[in-house]
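Residue numbers (the working numbering): 599 to 828.
Glycine included, C-beta positions come from ideal geometry on N, C-alpha and C.
Each remark here refers to the structure printed beneath this line.
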């Protein structure tokens, strides 16, 4: 142990080390920790979680007003928050690439697979925010979000630059134009400024309506189209 810290020597967000009882106990940040997992289990991706934490004014572990994706990822991937304490999760190895101008030979670290780390069931984790099954569900969701992001990166966003905002204008008085943005398992068009009467429009719905009216113009059918909700 080191200064009352667990064997990993790293402080854990949301927990304090109870050395006399060999356990980790929730601290003042625990509600925020539970919120993070709750948001992710509700379907939010990294970007949405970061925005929600900022909106609520929740400071990062380092006291900054904005969280980083790396910090959230570290929390979500830590098995301690699912009730299992692992030690020796990294090992030293020869660095694969050294700085060109440096003559120092520093050791690097390689993260081990969880099954190769040392599980310590004797360390109690009081009220872990999620179960092990929740952890597996989160990983599945993150994988789905990544696939979606890769797919949406190829999305042409047919109406990008076509939809204009009726509230915000540029320096020359021209209306601001909506841009495409991935959103959960779909996409939407978003005002670059926000705060207007319609800050975003769902992509599939608006594109379907536009395609319908264009088709009507060419074949001369009545242009009756269902309205879409906000």
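In its own chain, which residues sit with a C-beta less than 6 Å from the C-beta of residue 775, not counting the 5 before and 5 after it?
Here the question's residue 775 lines up with position 177 in the chain shown. Once the five neighbours on either side are set aside, the close Cβ partners of residue 775 are 759 and 762.
So is residue 615 buried or exposed if we call it buried at 16+ other beta carbons inside 10 Å?
As a working mapping, residue 615 is identified with position 17 in the chain shown. Result: buried.
Applying the 10 Å Cβ sphere with the 16-neighbour rule, what's the burial state of residue 785?
Here the question's residue 785 lines up with position 187 in the chain shown. Residue 785 comes out buried.
Cβ-Cβ distance between residue 631 and residue 644 below 8 Å:
In the chain shown, residue 631 corresponds to position 33, counting from 1. In the chain shown, residue 644 corresponds to position 46, counting from 1. Not closer than 8 Å, so no.
Rounded C-alpha distance that separates residue 738 from residue 633:
Position 140 of the chain shown, counting from 1, holds the residue named residue 738. Position 35 of the chain shown, counting from 1, holds the residue named residue 633. Cα atoms of residue 738 and residue 633: separation of roughly 19 Å, rounded to the nearest angstrom.
Pair within 8 Å by beta-carbon distance, residue 767 and residue 728
Along the chain shown, read from residue 1 onward, the residue named residue 767 stands at position 169. Along the chain shown, read from residue 1 onward, the residue named residue 728 stands at position 130. Taking 8 Å as the Cβ cut-off, residue 767 and residue 728 do not qualify as a contacting pair.
Using 10 angstroms around the beta-carbon of residue 733, count the other beta-carbons present and answer buried if the total reaches 16, otherwise exposed.
Here the question's residue 733 lines up with position 135 in the chain shown. Using a 10 angstroms sphere on the CB of residue 733, the tally of other CB atoms reaches 16 or more, which defines it as buried.
Tell me residue 834's beta-bridge partners as DSSP assigns them.
Outside the shown range of the chain (599 to 828) lies residue 834, about which nothing can therefore be said.
Can residue 740 and residue 787 be called in contact, C-beta distance under 8 Å?
Start at 1 with the first residue of the chain shown, and residue 740 comes out as number 142. Start at 1 with the first residue of the chain shown, and residue 787 comes out as number 189. For residue 740 and residue 787, no; Cβs fall outside 8 Å.
What is the DSSP secondary structure of residue 795, counted as helix, strand or coil?
Position 197 of the chain shown, counted from the start, is the residue given in the question as residue 795. In the displayed model, residue 795 falls within coil according to three-state DSSP, outside both helix and strand.
For the region 664 to 671 against the region 644 to 653, are there 3 or more C-beta pairs whose distance is under 8 Å?
Flag = yes, the region 664 to 671 and the region 644 to 653 touch.
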